[in-house]
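Residue numbers (the UniProt record's numbering): 1 to 247.
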Amino acid sequence: MLEEVKKVGKPFVFRYRPNNDFTLDEIKKSYVYFQKRELLNDPLDSTPDLIDLKKINYTKLFKAFELIVGKEKKEYLERRLSPVHLETTIRELIPKFINKHGIACFSMLPGINMPLLTNYANNHEGLYLQYNIDLDSEFFKGLRLINYQNELKKIPVELVENENDIFKIFYLKQKNWEYEQELRLIKEDFGKHKINRKSLRNIVCGYNCSEEYLGKVLEANMLNDHVSVWIMEKPTEHNRLKLHLIK
């Protein structure tokens with residue numbers, strides 16, 4: 001959309017992508033791929049080691065079980081699971097729970113932030129996608145700004161009291177990543193998640209994007225009549241973004 005391409009701030013977010021076939025498939029089939037935590041570029045990102053599981057109050061825990069499964073099944077669990085076994089099982093399940101989730105990364109910043117195009121769009125050979133989150137509020141539900149910290153602090157978690165604080169782990173990064181101004185979205189499972197086609201507003205190709213790949217982008221975008229495709233001009237001034245309309 002011509003009138004939207006240089007707009008920043010809510011409701012617009014940006015997703016940086018390399019010049020590969022996966023990017024083309026996302027555009028063509030209108031989905032976002034949510035990555036596994038272990039495959040993100042920061043090895044400390046969302047690491048389960050940051051969860052500080054406090055001493056478990058078994059009385060409270062089994063009362064919670066009773067509310068969920070009933071008294072008979074609760075008593076069965078009490079007979080079968082010793083406190084030591086139960087605690088070991090819970091500690092083993094936390095990393096599995098974290099690692100099964102999918103993560104998609106967006107930014108508040110358009111292409112004027114050169115490091116994002118360098119790092120995530122293959123040195124300006126790729127592109128960035130502009131989305132309007134209001135046009136698929138269900139998909140973007142839970143989108144949050146990353147909490148950047150000088151030193152990553154452990155997250156204290158006490159079952160039955162604040163177990164949902166486990167999700168805070170997905171939104172922590174070290175301060176040296178703050179230039180990204182990342183907005184993050186989490187889904188229960190990694191993989192492809194469909195998005196309303198109308199929420200994609202513009203595609204901006206980096207200034208090193210080849211003619212061949214640009215042609216593939218145009219082909220992938222054929223079903224998106226509302227989406228404009230642009231190519232960025234190599235900057236000659238600081239904080240100046242010049243775009244040329246292709247379609």
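The beta carbon of each residue, even a glycine, is placed where N, CA and C say it ideally should be.
Query                                                                                                                            : Result
Collapsed DSSP secondary structure at His-244 in the structure displayed                                                         : strand
Nearest-angstrom Cα separation, counted from Tyr-31 out to residue 306                                                           : The structure shown has nothing for residue 306, since the chain only spans 1 to 247.
Exposure label - Met-232; buried when at least 16 CB within 10 Å                                                                 : buried
Residue burial classification, Gly-126 (beta-carbon count within 10 angstroms, cutoff 16)                                        : buried
Buried/exposed call for Phe-170, threshold 16 Cβ in 10 Å                                                                         : buried
Alpha-carbon spacing of Lys-141 relative to Ser-107, whole angstroms                                                             : 16 angstroms
Helix, strand or coil at Pro-95 [DSSP, three-state]                                                                              : helix
Three CB pairs or more closer than 8 angstroms across the stretch 110-122 and the stretch 183-198                                : no
Secondary structure of Gly-215, DSSP reduced to three states                                                                     : helix
Contact under 7 angstroms by Cβ, Pro-11 with Ile-133                                                                             : yes
Best match in Asp-165, Arg-37, Tyr-16 for proximity to Gly-191 [C-alpha to C-alpha]                                              : Arg-37
Neighbourhood of Phe-139 by C-beta distance below 6 angstroms, restricted to the same chain and skipping five residues each side : Ile-195
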